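Here is the structure we will look at, set down as structure tokens.
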Amino acid sequence: MSVRVRYAPSPTGLQHIGGVRTALFNYFFARANKGSFILRIEDTDRERSTNESIQDLYDTLNWLGIEWDEGPVVGGEYGPYIQSERSRLYAQYADQLIADGKAYRCFCTPERLDALREEQEKTKSKEKGYDRHCRNLSEEEIAHNLAQNMPYVVRLKVPTEGKTSFEDVLMGTITRKNKDVNPDPVLLKSDGFPTYHLANVIDDHLMGITHIMRAQEWIPSGPLHILLYEAFGWTPPLYCHLPMVMGKDGQKLSKRHGSTAVRDFREKGYLPEALMNYVSMVGWSYDDKREFFSKEEFCELFSLEKINKAPGIFDYKKLEWYNGIYIREKRDEELAALLLPYLKEAGFVGSQVSEQESSFFLSIMPLIKERLKVLSDVIPLTRFLYQEVAVEDVQEFVPKKQSLGDTAVALARAYEILKAHAGEAVEILEEQLVEVSKELGLKVNGVFMPIRVAVTGSQVSPPLFDSIRALGWEKALQRIEDGVKMLEGEVDDE
RNA sequence: GUCUCCAUCGUCUAGUGGUUAGGACACCGGGUUUUCAUCCCGGCAACGGGGGUUCAAUUCCCCCUGGAGAUGCCA
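The opening residue of the first sequence carries number 1 in this note's numbering; numbering runs sequentially from there.
Structure representation (structure tokens):
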């Protein structure tokens, strides 16, 4: 039997790191086993499901290059793949369970349930959850309530005796006493929609899913799902619960740890291959040395046995490192194309980019490529080329352990030299500037730094002469002259 | 509270009944460099504790501790 796995998110928010990791593992597993990867949308929570979330799901998978073999948009023979379009199905199966005595209608109001929970909370009762109030309603009571049109939910009759186990590929056998399983969880809500438990079991069975790979937070529900399969008389798929992705403090990764939405990473300028690579390495490894994998390699080498059991902490720093590496591997043309949107957004170029602008931009790739950790870093790095620089504090010109006066003199001298030799070979310019530093008894940097600041507006920039050339000698000299004036003005004030 | 799961450097991890417990990120030094970055070299740093099993446990078993997750008409 060929492998069929699925990623089944609920569209109640933006796709986040944890979800995507689950999607990736399912996808890799399908590809590595020549199986099918199915996308299913579990939008049974009518309150929280949104179309925006569904769109974000598609955008995210497309961006990462994860194509699904069956699912919304592409279709497939087990559709529909959106649960809200399958409602009738779940109600039918729920009815079947009722008819078989495996489930029952519960007419308890949310108010009663709330009160019950509050009471249990207050008295620190050992009993948690539903009290099975409606489990043994008489035929008359049920008929009466139905006749009254009382809203109801359908609950599973969980056995109170015995225990239920299932095999997890990673964890081994997981067993839970039936009395510890949720006391009669809701299968069908009063709005007629199924809960996750019901929908997930029915769909996985109907869609021929062979392996369920989902986060470990689902382990406690495992026995419940097995009970459902048994109630239907179906054979459950193989389970493989994936370790969770945590934040720095060891808690489930969430917004307070930083960005968790894939969209945020994308906007900040992370490359899909870097994100894919890093996220996959949290919880999976190949061997003791290899840490770079392309999508194709994951699809070939991925295996369940190499998945780690323990949860992993998401390290933003390491992701950044991966991203820098992937950026540096880009060809100049590719990188420029990736960077262009950021330039537009910063207003450095208009929405229509001229031939000249783009070839100029291409020419500065070597200056910035190895300085980028994320694509958006291009903005501060190239600002001086597109906007006038504004040195706020005159101290900015002054290198460490050097006086303002010396700095002013150094920049003035440098200005004379650069003006006289503008456009000449770098070696000549360097030689002369080094000479100046010697004359003034300064470190070489004592002369270069003020020039850098004058030209780029910052102590941190691409190499000086490359920056000047990119900016153009005329503008550069003007900025240096402005810098000289600023420094001299300050010296006079003292 | 109850239940379930987990446990190697700060982090991601490799690994074995006998190893100097390996790599990567981060961090700290040093080198290259006119700054930053890149790059190169070096350093720091781990088997949670206690019992067993065994000639020998980081590795196998048990307990403890610690952590996490679940305990919803959310998934």
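From the three backbone atoms N, C-alpha and C, an ideal C-beta is built for every residue, glycine too. Since we're looking at a predicted model, the values are computed, not measured.
Enumerated in chain order, which unbroken segments of the alpha helix (DSSP H) with a length of 4 residues or greater are wholly contained in the segment 266-292? Listed in chain order, the complete alpha helix (DSSP H) runs (minimum 4 residues) inside the segment 266-292 are 272-281.
Can you find at least 3 beta carbon pairs, one from the segment 475-489 and one from the segment 390-409, that sit closer than 8 Å? Yes, they touch.
Reduced DSSP secondary structure (H/G/I, E/B, other) of R4: Three-state result, R4: strand.
Give the secondary structure of R328 by DSSP, where H, G and I count as helix, E and B as strand, and everything else as coil. Helix, per DSSP.
Could you give the residue range of the alpha helix (DSSP H) that holds D203? Counting along the chain, the alpha helix (DSSP H) containing D203 begins and ends at 196-206.
Classify F29 as helix, strand or coil using the three-state DSSP reduction. Assigned with DSSP and collapsed to three states, F29 falls in helix.
Backbone CA spacing between D249 and A32 [nearest angstrom]: Linking D249 to A32 through their CA atoms gives a straight-line distance of about 34 Å.
Look at the alpha carbon of E67 and the alpha carbon of A425, and state the distance between them as a whole number of angstroms. Cα to Cα, the separation comes out at about 53 Å.
Looking at C-alpha atoms only, which residue of V245, S138, K268, S36 is the closest neighbour of T22? Looking at the Cα atoms, V245 is the closest of the given residues.
Within 10 Å of its beta-carbon, does P194 have 16 or more other beta-carbons around it, so buried, or fewer, so exposed? So P194 counts as buried.
Pick from A94, E111, R112 that is closest to Y104, judged by C-alpha positions: Closest by alpha carbon: A94.
What does T173 pair with, by DSSP beta-bridge criteria? E167.
D288: buried (16+ other C-beta within 10 angstroms of its C-beta) or exposed? Exposed, by the Cβ-count rule.
Nearest to L375 (by Cα), restricted to the options K295, D466, K330, S403: Just measuring C-alpha positions, the residue of K295, D466, K330, S403 sitting nearest L375 is K330.
Tell me the residue span of the alpha helix (DSSP H) that contains F384. For F384, the enclosing alpha helix (DSSP H) has its first and last residue at 378-386.
Provide the residue(s) that pair with I212 in DSSP beta bridges, ordered along the chain. Paired residue(s): Y239.
Quick one: using the 10 Å Cβ neighbour count with 16 as the cut-off for buried, is E70 buried or exposed? Of the residues assessed, E70 falls on the buried side of the cut-off, its CB having 16 or more other CB atoms within 10 angstroms.
Taking a contact to mean a Cβ-Cβ separation below 9 Å, would you say P450 touches F397 in this structure? Here P450 is near F397, since their CB atoms are less than 9 Å apart.
On a Cα-Cα basis, can you pick out the residue from C240, V201, K317 that is closest to G247? By alpha-carbon distance to G247, the top candidate from C240, V201, K317 is K317.
Straight-line CA distance for S358 to G347? Pairing S358 with G347, the inter-Cα distance amounts to about 14 Å.
Cβ separation of R155 and T164, assumed to be a contact under 8 Å, to the nearest whole Å: Rounded, the Cβ-Cβ distance is 17 Å, inconsistent with contact.
Taking three-plus beta-carbon pairs below 8 Å as touching, is the segment 259-276 in contact with the segment 130-145? Three or more beta-carbon pairs separated by less than 8 Å are not found between the segment 259-276 and the segment 130-145, which leaves the two stretches without contact.
Can you tell me the Cβ-Cβ gap for A414 and V444, rounded? I've got them flagged as a contact below 8 Å. The pair is not a contact, with the Cβ atoms about 12 Å apart (cut-off 8 Å).
Are the CB atoms of L275 and L319 nearer to each other than 9 Å? Yes, they are a contact pair.
Please determine, among I38, A470, D406, the residue with the shortest C-alpha to C-alpha distance to I368. Out of I38, A470, D406, A470 has the C-alpha closest to the C-alpha of I368.
Neighbourhood of P399 by C-beta distance below 6 Å, restricted to the same chain and skipping five residues each side: The residues are N445, G446, M449.
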